Each structure stands twice: as structure tokens, then as C-alpha cells.
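The structure under discussion appears below in the form of C-alpha cells.
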């Protein structure tokens, strides 16, 4: 009795799959794309803060000797005004009022952010140990001296200080502020310009000599 002979099937399908895979890898390499056997997770899309200014409720009365002011905080790499209520310093001579106002506003910049400010994406770069005092003997009128050189401050912090003090009783002429450091270096005059508000990183370069 003849035993039937079993023949092996040609492995065409396996060869076709291997050839197709090789072609795919070559095509991928030619396009500069690295092949991977794992799915790639690019992560979530970058989030953007709203920078919504907290509501300034003018209908809510303030306690005596308090007033609503605008301080400048950082949001989306820019300086933006935010309303806050502060206790006004006692009135006195022009020089005393300027110093007390500057100290009050600086303290406000160092305050903890409100929930609305934090939710809107605001931050403050002003160092907690920053202090301000009156002018040295040789300084031009209206000068304010910091316990750190203005150029040594983080640029955003310097910008916040300039814009918050400008246009208040702390300013030298009602629109600019003159700042110096703790030594006898010459103070410089700054203004809250559009350049400063939109590009705070340039703050240190915007000072002008005063004589």
C-alpha cells in the first residue's frame, strides 16, 4: 500500500508580511521618522491662563482710611494692573507721604495673592525681604532708596515696583519714580511705559539718569 506523501505548503503569506514590514520600515526611515512599537503620548495641549482681572466691586464700602488702588502683578509674561484695597498712610510732609506711600504699596505687592488673582494666573516676583526708604543726602528730590540695587532685582519685580509706584504719591513728579540702591550709586528715573508693561524683562535697561 502506497503511503500518501504530505507536501509542505509554501510560506508565501509569511514572506509577504515580512516584505511589507521591511518596506514600511525603509519608507519610515527615509522620511526621517523613527519607528516605534509603542504608542506615543504627546501629553495634553499647553494650558493658558485667563489673566482675568479680579472684579473691583465699587458698591462695597471700604473701612475708613482705606482706598482702592491698582498694583501691578505678572500674568502671561506681562505686567497687568489688579485692584486692591489698602490702608492709606498718615498724611504729613511731601517727603514723608512719598516714603510712607511707597512702603505701603511695596507691602501690598508682597501680600499673598487672593483667590481671584491666583485663579486668573497672576503671580508676584517681588522679594519678601525688599524694603524702601527715603533719599540719601545728595539725592535728587523724590528719590526712593531700596535695600537692593534696582539692577539686582528680578526684572519682573522691578517692573512691578515701577508701575505700582508711578502715578501715586510715591512718584517723583506724579508719573515717574526715581529709585536707587543702598549705596551711593546714582539713582535712576523710571516710567511705567508700554515697553515695560509688555516686556518686563527689559526693566533694568529702561532707567534714565537724573541730575
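Numbering (the numbering used here), first residue to last: -6 to 204.
Virtual Cβ for every residue (Gly too), placed ideally from N, Cα, C.
Source: prediction; values computed, not measured.
Counted as a single uninterrupted DSSP element, the alpha helix (DSSP H) harbouring residue 96 occupies residues 87 to 102. With 16 or more other Cβ atoms inside 10 Å of its own Cβ, residue 139 counts as buried. Residue pairing for residue 80: DSSP places it in a beta bridge opposite 59. Residue pairing by DSSP places residue 181 opposite 172, 202 in a beta bridge. Between residue 100 and residue 59, the alpha-carbon positions lie close to 15 Å from each other. Here residue 113 has 42, 43, 44, 45, 46, 47, 68 as same chain residues with Cβ atoms under 8 Å from its own Cβ, once five neighbours each way along the sequence are excluded. Residue 53 and residue 79 have their alpha carbons spaced roughly 14 Å apart. Around the CB of residue 55, fewer than 16 other CB atoms lie within 10 Å, so the residue is classed as exposed. Ranked by how close their Cα comes to the Cα of residue 174, the residues 96, 137, 185 have 137 in first place.
With a contact defined as Cβ atoms closer than 8 Å, residue 164 and residue 158 qualify at about 6 Å. The straight-line gap separating the alpha-carbon atoms of residue 190 and residue 74 is approximately 10 Å. Take residue 203, set aside five residues on each side of it, and the residues of its chain with a beta-carbon closer than 7 Å to its own are 133, 171, 180, 181, 182, in chain order. Shown here, residue 74 sits in a strand according to DSSP, grouped into three states. Sorting 104, 70, 128 by C-alpha distance to the C-alpha of residue 121 places 104 at the top. The C-beta of residue 61 has fewer than 16 other C-beta atoms within 10 Å across all chains shown, which makes the residue exposed.
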